[in-house]
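One structure is given below, encoded as structure tokens.
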Amino acid sequence: MKVTEAEFVQGFIRMCDDGYALGFHERNGGNASYRMKPEEVEQVKDQFSYDKEFTDIGTEVPDLAGEYFLVTGSGKYFRNVALAPEKNIAIVEIDSEGKQYRIVWGLVDGGVPTSELPSHLMNHEVKKKATNGLHRVIYHSHVPNVIALTFVLPLDDKVFTRELWEMMTECPVIFPDGIGVIPWMVPGGRDIAVESSKLMKKYDVIIWAHHGIFCSGEDFDNTFGLMHTIEKAAAILLKVLAVRPDKLQTITPDNFRHLAKDFNVDLKEEFLYEK
Ligand code: 13P
Ligand code: ZN
2 MKVTEAEFVQ GFIRMCDDGY ALGFHERNGG NASYRMKPEE VEQVKDQFSY DKEFTDIGTE
62 VPDLAGEYFL VTGSGKYFRN VALAPEKNIA IVEIDSEGKQ YRIVWGLVDG GVPTSELPSH
122 LMNHEVKKKA TNGLHRVIYH SHVPNVIALT FVLPLDDKVF TRELWEMMTE CPVIFPDGIG
182 VIPWMVPGGR DIAVESSKLM KKYDVIIWAH HGIFCSGEDF DNTFGLMHTI EKAAAILLKV
242 LAVRPDKLQT ITPDNFRHLA KDFNVDLKEE FLYEK
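Residue numbers (my numbering): 2 to 276.
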């Protein structure tokens, strides 16, 4: 089977395309990665070539040794992924120590995986362990309404979680564990990857102040849906803050407690503080 015809590649391409259509990816903004299943590697490995050099990841991910990832290329535009996947995305293999990677397919006109590879891989490592291997997708985007909120709300996990939960009744059901927030940092390296992966132990969603967001999920649908939901809630919150920042009414902590019971989700009391 051609790599580009495989179901997981088609799902990855569709996520990139949908994110571009919704304005999450100006220019080369954002990046995505998918931890392939062994049977997916089997499906397409006859098209891999192993003649490229191993390159340092820039961090260590020993629990991902030997795994294969589908990733977006650094500097590549999401709007081009569907038009020419083999030029804009790649499959990389992690070495036996989790210190290096090599490209085995894709980026045919040259290039390297996303500059956020350290963050993607460290987040994958944390999530693989925390979810018993269930989570496979890490998705980073430059969602405008979420970015705007990082200029007007305190950069605090509890504030972001609670304010966004209040914007749509189903938000706490979609991200019951809440949202982590990281203050502004230089992107693209190990430091921001280390800070992100610490928060990924607790949350499926991390906001990078004045930059964007990282979401983790089982598949393309629920990871994209998570990103889309949070960005929509952020857009509503900005409207509310612009029109009536003191809110005439809202969903109360007791409302959330009732919702948690009926929807069978665990909403931590730390987010249900009195204002
Ligand atoms: P890349 O093009 O290297 O993926 O970088 C885009 C980005 O969003 C950096 O945070
Ligand atoms: Zn970015």
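For glycine and all other residues, C-beta sits at the position ideal for the given N, C-alpha and C.
In the pairwise beta carbon analysis, the region 157-164 is classified as not touching the region 218-225: fewer than three pairs are separated by under 8 Å.
Taking a cut-off of 8 Å on C-beta distances, the region 162-175 does not touch the region 98-112, as fewer than three cross pairs fall below it. Exclusion of the five residues before and after proline 177 leaves Val266, Asp267 and Leu268 as the residues of its chain whose Cβ lies within less than 7 Å of its Cβ. For tryptophan 106, the three-state secondary structure derived from DSSP is strand. For glutamine 101, the three-state secondary structure derived from DSSP is strand. Annotation: histidine 212 to leucine 200 spans about 16 Å, alpha carbon to alpha carbon.
In the three-state reduction of the DSSP assignment, threonine 73 falls in the strand class.
If you look at histidine 229, you'll find it in the alpha helix (DSSP H) that goes 221-244.
In this structure, the CA atom of leucine 122 is about 20 Å from the CA atom of leucine 227.
Counting C-beta pairs closer than 8 Å gives three or more between the region 31-47 and the region 122-142, which meets the contact rule.
Cβ contact annotation for threonine 224 (same chain, cutoff 6 Å, sequence separation greater than five): Val138, Tyr140, Cys216 and Gly218, in chain order. In the three-state DSSP reduction, aspartate 57 falls in the strand class (E or B). In this structure, isoleucine 180 keeps its C-beta atom at 7 Å or more from the C-beta atom of valine 82.
Methionine 16 sits buried, since 16 or more C-beta atoms from the chains shown fall within 10 Å of its C-beta. In the displayed model, proline 114 falls within a strand according to three-state DSSP. For glycine 213, the shortest separation between its Cβ and any heavy atom of the ligand ZN lies below 6 Å. Under the DSSP assignment, glycine 134 falls outside any beta strand (DSSP E); it carries neither an H nor an E label.
As DSSP reads the structure, serine 142 sits in a beta bridge with Ile214. Membership of arginine 191 in any beta strand (DSSP E) is not indicated; the residue belongs instead to the alpha helix (DSSP H) covering 191-201.
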